[in-house]
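> Residue 538 is where the sequence shown ends in this note's numbering, and the numbering goes up by one at each step.
What follows is a single structure, and I will ask about it in a moment.
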Amino acid sequence: MRPRTKLQVQIFALAEQLPNLAKKLQPWAFENCITHFGYRTKTATSCLSCGHQWKGKPTSKTDTCPACKRKLNIKDTRKKKISQCSFFSVIDVHKGFQLNRYFEIYSHHRAGEQPRILVWEIVQQWMQPSGKNEVIARNRTLNYYQDTFNGYLEIRDRSNLTNKYNIFPDKVYPNAKCLPIYKRNGFKGRFGNISPYNMFTYIITDNKAETLLKSNQMALLEARIGNRDNSVDEYWNSIKICIRRNYIVQDAITWLDYLELLRHFNKDLRNPKYVCPEDLKRAHDKLVAKKNEAEKRLLLEKQRSKIDADQKAYIEAKWPYFGLVFSRNNLTIKLLESVMEFFEEGHAHKHCVYTNEYYKKENSLVLSARVDSVPVETIELSLTNMKIVQSRGLGNKVSAYNEQIIELLNKNMSVIKKRYKELKSVVA
């Protein structure tokens, strides 16, 4: 659209005076923003970044092109071509504005040929610490597979700065420049997983974001800016403990979850012993296991009378199959011989073998597959046709041992058939 306000007229005039950086930055963008591939066939390897081809049958996943010396990611394929697209930004200062310029690099590669490369500017963010920001950009069309930019660089609706024209670049050109006020508020050239627009906006308008940046808590800063919840606000006193002790949180999501667990167990969230663990993953997993065990005990107390009532009927129905155990190496398959084992199995795998009362199925056997005594899958076997109905692990998904489990059970199916026939003959 046409510039309407005085500020838009000023910015549009300044934009027309900017140097065209696309051609100048093309070599850097090609080296740093594009993945360099080598396509390997049975007879030769092709460097898609320079077109050179050489003979040989290496088996490594990476190789160095003899011609251009680039390190290549090797793919064994009969394909001949590939196209790539990436965004990068140049962070600069111009006439008192914080200027974030974004470029798109598009490259088309074909084995045996030089790649075709296009670099063009797509978005300019003109920012002021006062919050009076404007955007000059090509029209962005949001697609499911890939966004596209078209048209001319024009003044766009500034309300789209927070979404449509808030670009997260894959790379930032070295030696980013910023206004003195952003330096004062802690910016030293690192963006992490934060867009330049969000970074410059938050460290001016949000004092907690500024504090996190100055204390080098980048993971927590990303959580502060990227998440819509108020976890950072909720645990701000604990964060201040970390800052005072120079404890850098590397994984903000896990750390915030860990604090939630500490609060669940009524631990002191201002005690450095708890909020600054030496091994965060170990401390987190320990509390997760403790909470799961507590929830399991609570659930078991509620289910105790039902389990005891159903146990007698289960024994009467399935006792002839008790003692079934099949093993090979570290894999063991055994029959579940009590309703309590159904409860344990369902709790371990987070599936419905207990809640849906599989122990009441007359024509089924339920077995547990374990590796080194650790449950990996629960198996339902039909006594009607002696076939495996299902074998599922955590979250009703198959495990890495699924094929071995099915093979071992099928190999020993004759043992189950024998007991089934003996039981039928006794009943008859």
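Even glycine gets a Cβ: it sits at the ideal position worked out from N, Cα and C.
Owing to the predicted nature of the structure, the values given are computational and were not obtained by experimental measurement.
1) Within the same chain, show all residues whose beta-carbon is closer than 6 Å to that of K281, passing over the 5 residues directly before and after it, in chain order.
2) Look up F452 in the DSSP assignment and give the residues it is bridged to.
3) Cα-Cα, which of I515, E344 and G336 is closest to A479?
4) Would you call the CB atoms of G336 and E320 closer than 7 Å?
5) Curious, which full-length beta strand (DSSP E) runs of at least 3 residues does the stretch 399-462 contain?
6) Kindly indicate which three-state DSSP category A247 falls into: helix, strand or coil?
7) Under 7 Å between the Cβ atoms of T155 and W164?
8) Between the beta-carbon of I232 and the beta-carbon of F207, is there less than 7 Å?
9) Mind pulling the beta strand (DSSP E) runs of 3 or more residues that sit fully within the stretch 159-191?
10) Quick check: the Cα distance between E517 and K497, rounded to an integer number of angstroms?
11) Under a three-way DSSP split, which group does C288 fall into?
12) Counting C-beta neighbours from all protein chains within 10 Å, is the total for Y312 16 or more, i.e. buried, or is it exposed?
13) Can you tell me which of E264, S448, S524 and D267 puts its alpha carbon nearest to the alpha carbon of D420?
14) When we look at the beta-carbon of R266 and count the other beta-carbons within 10 Å, is it buried (16 or more) or exposed?
15) Mapping the DSSP letters down to three states, classify C157 as helix, strand or coil.
16) Below 7 Å between beta carbons: does that hold for V203 and F213?
17) If you draw a straight line from the C-alpha of Q560 to the C-alpha of F147, how long is it?
18) Helix, strand or coil for G241? Go by DSSP, reduced to three states.
19) Rounded to the nearest angstrom, what separates P113 and L271 at their Cα positions?
20) In terms of DSSP beta bridges, what is D202 paired with?
21) Check whether the Cβ atoms of V499 and E490 sit closer than 7 Å, and answer yes or no.
22) What residues are listed by DSSP as bridge partners for G299?
23) If I'm right that I121 touches I201 with Cβ under 8 Å, what's the distance once you round it to whole angstroms?
24) Looking at the secondary structure, which residues open and close the beta strand (DSSP E) in which N506 lies?
Considering the structure as presented:
1) Answer for K281: N142, C143 and F198, listed in chain order.
2) BP columns for F452 are empty, so no partner.
3) The candidate whose alpha carbon is nearest that of A479 is I515.
4) With respect to the 7 Å criterion, G336 and E320 are not classified as neighbours on the basis of their beta carbons.
5) Within the stretch 399-462, complete beta strand (DSSP E) segments of at least 3 residues are found at 435-438 and 441-445, given in chain order.
6) In the structure shown, A247 sits in a strand (DSSP, three-state: E or B).
7) A contact, by the Cβ cut-off of 7 Å.
8) No; because the gap between Cβ atoms is not below 7 Å, this pair is not in contact.
9) For the stretch 159-191, whole beta strand (DSSP E) runs of length 3 or above, ordered along the chain, are 163-165, 172-174 and 181-186.
10) Looking at the two C-alpha atoms, the distance is approximately 12 Å.
11) Residue state, collapsed to three classes: coil.
12) Within 10 angstroms of the beta-carbon of Y312 lie 16 or more other beta-carbons, which makes it buried.
13) Out of E264, S448, S524 and D267, S448 has the C-alpha closest to the C-alpha of D420.
14) Buried is the call here.
15) The DSSP-derived three-state label of C157 is strand.
16) For V203 and F213, no; Cβs fall outside 7 Å.
17) A question about residue 560 goes unanswered here, because the residues of the chain that appear run from 111 up to 538.
18) In the displayed model, G241 falls within coil according to three-state DSSP, outside both helix and strand.
19) If you draw a straight line from the Cα of P113 to the Cα of L271, it is about 16 Å long.
20) In the DSSP output, where bridge partners are listed per residue, D202 has L209.
21) With a cutoff of 7 Å on beta-carbon distance, V499 and E490 are scored as near each other.
22) Per DSSP, none; premise fails for G299.
23) I121 to I201, Cβ: 17 Å. No contact.
24) First-last for N506: undefined, no H or E at that position.
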